[in-house]
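Enquirer:
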């Protein structure tokens, strides 16, 4: 396949086994972990956990990515579409509330095939927000919940942190399409999300003004009750960010409190994290759990 799944549209020839393109991945899915996950937002994780599948490779290049062993170093195992479908079934059998596809964009073609047999529980598209509308439209009817980041509103920040100066407009356009597809958030009797969109934003050190711009856009774009908003405070200097001025420190408590106060002022419904969220033990162990037979 000459790939144009993500906004890079690099047109790389990705065969079943040849790792090509910006994501440096083959056409067949590469997975690093598939297990119950309890650290997502409450209506995603619930009591039994989210059936989370971590895909390797990434169209973005975020300098602070905590999952760099799979997103940058591409650790994982190549599997078939049938094996991916079996993983979904296994996670459902473990009691998962949903199938949570983490960083799925560059494997959208294979995931769509795997979902031709619906798993019987909601499907979550857990993404950095850097999506082509055409790719999202191809997933319509197969994805129930979208969980996108809105990382940046400024091209200079997006270029410096993710090598994607077009990110702000691309992500905003993608999120509007996600909401168009699945509509307002709906829940079951246990308070678990059945359909809808949760927009995430990770506060970056020294970027409080940009965090406020993200929240302004959400509040101005969507009517109250349409989406949920997740304000994340788990930033930890990671990878290249450890050496980058301005990014090589943790968040200050004052930054977190100011962002949370602004979210309250806007009346955004959703979730926040405290300073204790910036812990490395929240990072999963990428050891092929649930992937190897």
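Residue numbers (this note's numbering): 3 to 295.
Quick reminder that beta carbons are idealized off the backbone N, C-alpha and C, glycines included.
Pick out whichever of 152, 91, 157 has its Cα sitting closest to the Cα of residue 125.
Expert: Here residue 125 corresponds to residue number 123 of the chain shown, with the count starting at 1. Comparing Cα positions, the closest option is 91.
Enquirer: For residue 152 versus residue 166, is the C-beta distance shorter than 8 angstroms?
Expert: Here residue 152 refers to the residue found at position 150 of the chain shown. Here residue 166 refers to the residue found at position 164 of the chain shown. Contact: no.
Enquirer: Going residue by residue through the stretch 205-292, where are the continuous alpha helix (DSSP H) segments of at least 4 residues, counting only ones entirely within it?
Expert: The stretch 205-292 contains these whole alpha helix (DSSP H) runs: 210-223, 255-268.
Enquirer: Write down every uninterrupted run of the alpha helix (DSSP H) in the stretch 63-138 whose length is 4 residues or greater and which is fully enclosed by it, in chain order.
Expert: Counting whole runs of 4 or more residues, the stretch 63-138 contains the alpha helix (DSSP H) stretches 70-73, 83-95, 110-116.
Enquirer: Compute the distance between the beta-carbons of residue 267 and residue 234, then report whether it is under 8 angstroms.
Expert: Sequence index remark: in the chain shown, residue 267 carries index 265 (1-based). Sequence index remark: in the chain shown, residue 234 carries index 232 (1-based). No, these two residues do not count as a Cβ contact at 8 angstroms.
Enquirer: Counting along the chain, where does the beta strand (DSSP E) carrying residue 45 start and finish?
Expert: Start at 1 with the first residue of the chain shown, and residue 45 comes out as number 43. Careful: residue 45 lies outside any beta strand (DSSP E), inside the alpha helix (DSSP H) at 44-47.
Enquirer: Can you tell me whether DSSP reads residue 191 as helix, strand or coil?
Expert: Here residue 191 corresponds to residue number 189 of the chain shown, with the count starting at 1. It is coil, neither helix nor strand.
Enquirer: When you compare each of 136, 137, 84 to residue 120 by their alpha carbons, which one comes out closest?
Expert: If you number the chain shown from 1, residue 120 lands on position 118. The shortest Cα separation from residue 120 among 136, 137, 84 belongs to 84.
Enquirer: Residue 201 bridges to which residues according to DSSP?
Expert: Taking the chain shown and counting its residues from 1, one reaches residue 201 at position 199. Paired residues: 231.
Enquirer: Reducing DSSP to helix, strand and coil, say where residue 3 ends up.
Expert: Your numbering for residue 3 matches position 1 in the chain shown. Of the three classes helix, strand and coil, the one that applies to residue 3 here is coil, per DSSP.
Enquirer: Measuring CB atoms only, is the stretch 3-17 touching the stretch 38-46, in the sense that at least three cross pairs come out at less than 8 angstroms?
Expert: Verdict: no, contact absent.
Enquirer: If you draw a straight line from the C-alpha of residue 232 to the C-alpha of residue 25, how long is it?
Expert: In the chain shown, counting from the first residue as 1, residue 232 sits at position 230. In the chain shown, counting from the first residue as 1, residue 25 sits at position 23. Each residue's alpha carbon lies about 27 angstroms from the other.
Enquirer: Mind checking residue 256: buried by the 16 CB within 10 Å criterion, or exposed?
Expert: Here residue 256 is taken as the residue at index 254 of the chain shown, counted from 1. Exposed, by the Cβ-count rule.
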